[in-house]
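First to last, the sequence lines map onto chains W and U. Under our numbering, the first residue of the first sequence carries the number 873, and numbering increases by one thereafter. Under our numbering, the first residue of the second sequence carries the number 3, and numbering increases by one thereafter. Worksheet: one structure, shown below.
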Amino acid sequence: MVKKFYMSISVRNLSKHYDKQRAVDSISFEAKPGRILGFLGPNGAGKSTTMRMLTGYLEPTSGDAEISGKNILTSAIEAKKQIGYLPENTPLYTEMYVKEFLRFIGQTYQLKNLPARVDEVIKMVGLTPEQHKKIGMLSKGYRQRVGLAQAIIHNPAVLILDEPTSGLDPNQLVDIRALIKELGKNKTVVISTHIMQEVEAICDDIIIINKGRIVANDTLTGIKQNHSQHSLEEIFRALTA
Amino acid sequence: MYAVFKRELLSFLSSMVAYITIGIFLAVSGLLLWFFPDTSVLDYGYADLGGFFSLVPYLFMFLIPAITMRSFAEEQKEGTYELLVTKPISQWQIIWAKYLACVILVLLALIPTLIYYYSISKLGLPEGNIDSGSVIGSYIGLFLLGSAFTAIGIFASSLTKNQIIAFAIAAALCAFAFLGFDYTSEIFSMQSFETTISSLGINQHYQSISRGVLDTRDLIYFISFSVLFLLFTKLATGRK
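Written as structure tokens, this is what we have:
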């Protein structure tokens, strides 16, 4: 049996222009299953814009992308089914209860056996002690877990997480990173961040983006070898400052 | 689509929005119908709901924008809209779900007013002397008018992140759609022009249905009116 092999994410010349400003300027890259791709760059470099185009929130000015072989423009709904997405700042319906919210998200994916699946993801992300609360009552760390839970509820092939660790305390940071690392074992994970320690802790591959263009695309070990600087921080500064 | 519809409706019912808006609507319409001397049936002397049906559209101009103002504006402000559109549901499903949830709420506001019909028919001389055909027509008219206002409100909400602005735009558009065409038509002295323009307004069609005559032209007018504004909503909320 011939099995067609798809890159989990393949992006071709994706651009987003606002008037004359090029928020994302013709970027191309690929992401592989079982690896965590760190999407780095200064604020305003185009990280969120790229993620929003991949997830179908923003319309690209030109170029396109495929998620597990599904084109994000021509088969948008199919592509969306392949993605679990945690938007920046973790927007959630704060007036809903944790379980109610996760059931709602599950219904939008038309999942079967939903109550069991909700319990399963609650356990996976460590929400068990808070599962009966309203989302508005939760601390930031637990909200982040709800955000992750809604992203993985349909067991997607691709996880896109936009700054999943911003605003967490050191304990929560460690927990969430461990969780992402665990999830990354059998999925394609793209996370954006500007915390270098985080990249070193969890990422396998790195893309550095600056002013809408890719300035580095390598594995974590590769990038360190190619640039003789010692720390990732120095490499980041040299490429984007 | 059902999931989004259910969530919308439950969020109305669990957030007091429903109870407060419906409560205020019932209180004001009750006061106007029974107590305020200028509009009260008791002072009017005829056991007739005509006054009620001509007042409710004006209440709807404020009630419905209050119901619809949050539908898109709040989600855009809180960022949950991004969460919603990145799920595998189409733009149309989201718009229809929100629209239907608001229409159901309008319906929930209308149902308790059936008590007025009952009381008025009891007050008639002889008892039960009320033009039921016209009342049924008027209720259908009110429902269609409410649906049209809801479509306007949903559209207004999709234009902005600010609920107050959404409310103001919706109320102004509802007022114009209801009365504006009649007034505009009076500017022109040519009879044919006048009737054409006033037939674009909601009031003409509402009046026509209220007489108890359910004309397909009026029905088509109301349906296309709502669809048109939902289409505008689609354009306003499309991928940017």
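C-beta: ideal position from N, C-alpha, C; glycine also.
Taking contact to mean 3 or more Cβ pairs, one atom from each stretch, closer than 8 Å, check whether the segment 61-80 of chain U and the segment 159-169 of chain U are in contact.
With a cut-off of 8 Å, the segment 159-169 of chain U and the segment 61-80 of chain U count as touching, because enough Cβ pairs lie within range.
Can you grab the Cα-Cα spacing for the pair Ser140 of chain U / Asp50 of chain U, in whole Å?
CA-to-CA, the gap between Ser140 of chain U and Asp50 of chain U works out to about 12 Å.
Going by DSSP, what residues sit across from Gly956 of chain W in a beta bridge?
In DSSP, Gly956 of chain W forms a bridge with W:Leu1031.
By DSSP, does Gly913 of chain W sit in helix, in strand, or in coil?
Three-state DSSP puts Gly913 of chain W in coil, outside helix and strand.
Would you verify that the beta carbon of Tyr21 of chain U is, or is not, closer than 9 Å to some beta carbon of chain W?
Not closer than 9 Å to any Cβ of chain W, the Cβ of Tyr21 of chain U fails to qualify, so no.
Please classify Lys1059 of chain W as buried or exposed, where buried requires at least 16 neighbouring CB atoms within 10 angstroms.
Classification of Lys1059 of chain W: buried, given that the 10 Å Cβ count is 16 or more.
How far does the alpha helix (DSSP H) with Gly1019 of chain W in it extend, from its first residue to its last?
Looking at the DSSP string, the run of the alpha helix (DSSP H) that includes Gly1019 of chain W is 1012-1024.
Roughly how many angstroms separate the alpha carbons of Phe2 of chain U and Ser149 of chain U, rounded to a whole number?
Examination of residue 2 of chain U is not possible in this model, given that chain U is present from 3 through 242 alone.
Which partner residues of Tyr890 of chain W appear in the DSSP bridge assignment?
In DSSP, Tyr890 of chain W forms a bridge with W:Gln893.
Apart from the five residues just before and just after Lys888 of chain W, which ones in its own chain have a Cβ nearer than 7 Å to its Cβ?
Answer for Lys888 of chain W: Ala895, Val896, Thr921, Met925, Leu930, Pro932, Thr933, listed in chain order.
List the whole-angstrom C-beta distance separating Arg1085 of chain W from Ile899 of chain W, where the pair is believed to meet the contact cut-off of C-beta under 8 Å.
Contact between Arg1085 of chain W and Ile899 of chain W holds: CB atoms are separated by about 7 Å, below the 8 Å threshold.
With H, G and I counted as helix, E and B as strand and the rest as coil, what does DSSP make of Ser898 of chain W?
Residue state, collapsed to three classes: strand.
Kindly list the residues whose CB is nearer than 6 Å to the CB of Ala177 of chain U, restricted to its own chain and excluding five residues on each side of it in sequence; keep chain order.
Hits under 6 Å: Met63.
Can you check whether the C-beta of Gly130 of chain U is within less than 9 Å of a C-beta belonging to chain W?
It does not; no Cβ of chain W falls within 9 Å.
Does chain B have any CB closer than 9 Å to the CB of Ile91 of chain U?
In the structure shown, chain B cannot be found, because the protein chains are W and U.
Opposite Lys1006 of chain W in the DSSP bridges: which residues?
Looking at the DSSP assignment, Lys1006 of chain W forms a beta bridge with W:Tyr969.
Is DSSP giving Glu938 of chain W helix, strand or coil here?
The answer is strand: DSSP assigns Glu938 of chain W an E or B state.
Straight-line gap, Leu61 of chain U to Thr218 of chain U (C-alpha atoms, nearest Å):
Rounded to the nearest angstrom, the two C-alpha atoms are 26 Å apart.
How would you call Leu127 of chain U, buried or exposed, if buried means at least 16 neighbouring beta carbons within 10 angstroms?
Leu127 of chain U counts as exposed, since fewer than 16 other beta carbons sit within 10 angstroms of its beta carbon.
Chain W contacts from the segment 52-86 of chain U (Cβ-Cβ distance under 9 Å)
Taken in chain order, the members of the segment 52-86 of chain U whose beta-carbon sits within less than 9 Å of a beta-carbon on chain W are Glu77, Glu80, Gly81, Thr82, Tyr83, Glu84, Leu85, Leu86.
Which same chain residues end up closer than 8 Å to Glu1072 of chain W when comparing Cβ atoms and leaving out the 5 residues on each side of it in sequence?
So the list reads Leu1092, Leu1104, once near-sequence residues are dropped.
Quick check: the Cα distance between Asp936 of chain W and Arg884 of chain W, rounded to an integer number of angstroms?
Spanning the two alpha carbons is a distance of roughly 6 Å.
When DSSP labels each residue in this structure, what does Ser16 of chain U get in the three-state scheme?
Note: Ser16 of chain U maps to helix in three-state DSSP.
Whose CA, out of U:Ser210, U:Ala158, U:Gln206, lies closest to the CA of Ile66 of chain U?
Closest in alpha carbon position to Ile66 of chain U, among U:Ser210, U:Ala158, U:Gln206, is U:Ala158.
What is the DSSP secondary structure of Ala903 of chain W, reduced to helix, strand or coil?
Residue state, collapsed to three classes: strand.
For Leu107 of chain U, collect the residues of the same chain with a Cβ closer than 7 Å to its Cβ; drop the 5 residues on either side in sequence, then sort them by chain order.
Around Leu107 of chain U: Phe14, Ala20, Ile69.
Can you tell me where the alpha helix (DSSP H) holding Val1046 of chain W begins and where it ends?
It spans 1042-1055 - the alpha helix (DSSP H) in which Val1046 of chain W sits, taken as one unbroken run.
Around the C-beta of Lys1116 of chain W, are 16 or more other C-beta atoms found within 10 angstroms, so that it is buried, or is it exposed?
In this structure chain W extends from 873 to 1113, so residue 1116 of chain W is not present and cannot be described.
Report the three-state DSSP secondary structure of Val1061 of chain W (helix, strand or coil).
It is a strand residue.
Inter-residue Cα distance where the pair is Gly130 of chain U and Leu144 of chain U
For Gly130 of chain U and Leu144 of chain U, the distance between alpha carbons rounds to 22 Å.
Would you please state the rounded distance, in angstroms, between the beta carbons of Ile1095 of chain W and Ile1074 of chain W? I believe it to be under 8 Å.
Actually they are not in contact, since the Cβ atoms of Ile1095 of chain W and Ile1074 of chain W sit about 15 Å apart, beyond 8 Å.
According to DSSP, what are the bridge partners of Asn943 of chain W?
DSSP lists W:Glu938 as the bridge partner or partners of Asn943 of chain W.
How about the segment 986-1001 of chain W and the segment 1010-1019 of chain W: do they share at least three Cβ pairs that are nearer than 8 Å?
Touching, yes, given that three or more Cβ pairs across the two stretches are closer than 8 Å.
Exposed or buried, Ala1110 of chain W, counting other C-beta atoms within 10 Å across all chains shown (16 or more means buried)?
Taking every protein chain shown into account, the CB of Ala1110 of chain W has fewer than 16 other CB atoms within 10 angstroms, so this residue is exposed.
By the three-class DSSP mapping on this structure, what secondary structure does Val883 of chain W have?
In the structure shown, Val883 of chain W sits in a strand (DSSP, three-state: E or B).
Does the contact criterion of 3 or more C-beta pairs under 8 Å hold for the segment 179-195 of chain U versus the segment 78-92 of chain U?
With the cut-off at 8 Å, the segment 179-195 of chain U and the segment 78-92 of chain U do not touch.
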